[in-house]
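Written below as structure tokens is the structure these notes are about.
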Amino acid sequence: MAHGGEAIARLSDAAEDQRIVFVRDSVIGDELEVEITQAKKRFLRARVLTVITPGPHRVEARCPAAAQSGGCCDFAYLDPAVEAETKTGIVLEQLRRLAKLEAPEQVTTIDLGMDSGWRTRARLGVDRLGRIGVRRRGSHEVVHDHRCSAFAPQLHDALSALTAPRARELSVCLDSAGQVHAMAKGQVLLGSGQAQETIGGRTFTLPADAFWQAHQRAPETYQRLIAEALSDIGGDVAWDLYGGVGLFVDPLRGDSGREVHSVELAEHGAACGRRAFAEDTGVHFHRRDCAEAVTTAGVLPDPDVVVLDPPRIGAEDAVITGTAARRPQAVVHIGCDPATFARDLARWAEHGYSVEQLSVVDAFPGSHHCESIALLRPAAADTGSSGRD
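Right under this line is the structure:
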């Protein structure tokens with residue numbers, strides 16, 4: 000399988016054209032009749048006309064919306080029993096191909112379970128009649144009459160009675176208190192518009208259309224993985240870059256009570272974090288651009304450990320270069336796109352950091368998306384230095 004949700008295929012042996020073919024709605028081992036939809040110098044793209052012989056891991060479409068070409072679950076035809084390992088293989092291939100990095104000794108695949116009903120947040124399309132649904136793949140058309148199987152049942156129940164005639168996009172979320180909220184163009188259509196998310200006894204209050212992990216089991220899992228990765232690493236100061244509301248502050252504080260500096264540009268993220276940690280004097284929130292904060296003298300003290308969770312486009316080069324110059328003992332780099340994740344790890348390698356552990360989390364069942372979490376350490380000659388005078 001290719002990064003992006005397509006299967007990699009070849010035309011029949013009798014065909015003169017031996018370019019690789021990327022085929023959506025297919026899995027490894029399928030024998031297909033296809034229609035070529037795009038021809039490039041080195042590859043072709045095609046859509047499935049007929050499944051002649053299904054591969055061993057092909058299943059009936061797990062998502063009704065995806066079966067109607069909805070742009071949601073592009074792994075709908077892949078057996079969930081092999082999905083998580085498939086994603087790990089894709090991540091490792093991106094590391095080899097793009098970053099020229101081999102797999103570390105410790106590679107863990109984590110399946111969060113819940114093949115359906117796991118998604119608690121989504122951005123949906125709205126058609127001219129105010130009907131709500133996922134958008135058809137490659138189109139603005141809304142698939143309003145078929146449900147996406149990834150959505151939590153409470154979201155479906157709420158959406159079935161909701162219309163948004165004056166909007167083109169709608170954000171909906173189910174918070175950990177069990178409340179459903181819907182917003183369009185900043186207007187609250189359902190609920191209070193303020194989501195309550197409680198993790199490990201700490202409650203974060205944030206706008207319902209703000210970023211929070213989509214899989215209901217993801218926040219606790221990521222906290223645990225970070226805590227485990229840093230469990231035998233000391234230090235007094237930690238950075239939480241692209242920190243959002245401060246979800247990773249608690250594992251960074253750890254048993255040793257590290258001083259944590261969380262950097263987030265979005266005002267609602269920093270404000271939410273300040274409220275959640277108002278009584279903890281060891282936590283500091285900086286509403287700043289990460290590259291500016293890292294490269295400007297006097298903004299942040301030198302770190303012993305760093306966690307960064309950049310957006311899908313990856314971390315800016317200035318963030319990686321500036322952080323590496325401070326020589327932290329350990330870096331936990333999180334990525335939601337295998338290609339940009341590989342690119343970022345290659346940049347860390349240029350600065351003397353290697354991957355000790357890699358966890359690939361299937362936090363988006365039914366789709367090609369996954370979350371990758373790497374623990375990086377500096378070269379052996381640097382491990383005795385915390386980066387601080």
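Going by numbering that gives the first Met the number 0, the letters in the sequence shown line up with residues 0 to 388, in that order.
Every residue gets a Cβ at the ideal spot worked out from N, C-alpha and C, and that includes glycine.
Quick check on DSSP: helix, strand or coil for residue i?
| i | result |
| --- | --- |
| R311 | coil |
| Y221 | helix |
| P327 | coil |
| S385 | Bear in mind that a pLDDT of 46 at S385, under 50, signals an unreliable position, so the model cannot answer this. |
| A65 | helix |
| L398 | What the structure shows of the chain is the stretch from 0 to 388, and residue 398 is not part of that stretch, so it cannot be assessed. |
| R9 | coil |
| G3 | coil |
| C172 | strand |
| H332 | strand |
| H214 | strand |
| T108 | strand |
| Q356 | strand |
| D288 | coil |
| R95 | helix |
| V318 | helix |
| H161 | The sequence given here places Leu at residue 161; His does not occur at that position. Three-state DSSP puts L161 in coil, outside helix and strand. |
| G116 | coil |
| I232 | coil |
Measure the alpha-carbon distance for residue i versus residue j and round it to whole angstroms.
| i | j | result |
| --- | --- | --- |
| G365 | V90 | 16 Å |
| T220 | H139 | 34 Å |
| T320 | K40 | 36 Å |
| D301 | A317 | 16 Å |
| A83 | R201 | 30 Å |
| V236 | F210 | 26 Å |
| P218 | I198 | 7 Å |
| D388 | G234 | At D388 the pLDDT is 40, less than 50, meaning the model places this residue with poor confidence; the figure from the coordinates comes in the next sentence. Between D388 and G234, the C-alpha separation is close to 13 Å. |
| G88 | A277 | 42 Å |
| A1 | Q93 | 9 Å |
| E15 | P377 | 50 Å |
| D114 | P79 | 7 Å |
| D174 | A275 | 16 Å |
| R95 | A314 | 19 Å |
| E5 | D24 | 7 Å |
| C172 | A265 | 19 Å |
| P206 | H267 | 8 Å |
| A66 | A60 | 6 Å |
| F150 | R325 | 42 Å |
| T36 | I312 | 27 Å |
| L299 | D110 | 36 Å |
| V262 | E370 | 21 Å |
| A292 | T322 | 10 Å |
| C335 | P164 | 33 Å |
| G192 | T204 | 10 Å |
| M182 | D208 | 7 Å |
| I372 | V20 | 30 Å |
Which word fits residue i, buried or exposed, when buried means at least 16 other C-beta atoms lie within 10 angstroms of its C-beta?
| i | result |
| --- | --- |
| L189 | buried |
| K86 | buried |
| I51 | exposed |
| D249 | buried |
| T107 | exposed |
| I7 | exposed |
| G28 | exposed |
| L158 | buried |
| L77 | buried |
| E227 | exposed |
| L128 | exposed |
| Q17 | exposed |
| L224 | buried |
| P337 | buried |
| D231 | exposed |
| E34 | exposed |
So, residue i versus residue j, is the Cβ gap smaller than 8 Å?
| i | j | result |
| --- | --- | --- |
| V81 | R57 | no |
| C72 | S170 | no |
| H145 | P63 | yes |
| L246 | V259 | no |
| L374 | V331 | yes |
| L344 | L161 | no |
| Q356 | Q105 | yes |
| W117 | Q212 | no |
| G69 | R122 | no |
| V22 | A45 | yes |
| V304 | P327 | yes |
| R130 | H143 | yes |
| Q97 | A348 | The question names Gln, but residue 97 in the sequence shown is Leu. Cβ distance not < 8 Å, so L97 and A348 don't count as in contact. |
| L48 | E30 | no |
Which runs of the beta strand (DSSP E) at least 3 residues long sit entirely within the stretch 234-284? Give them in chain order. 236-240 and 258-262
Only counting runs of 4 or more residues, tell me where the alpha helix (DSSP H) segments fall wholly within the stretch 30-83, in order along the chain. 63-66
Only counting runs of 3 or more residues, tell me where the beta strand (DSSP E) segments fall wholly within the stretch 181-212, in order along the chain. Those beta strand (DSSP E) runs which fall completely within the stretch 181-212 and span 3+ residues are 186-189, 193-198 and 201-206.
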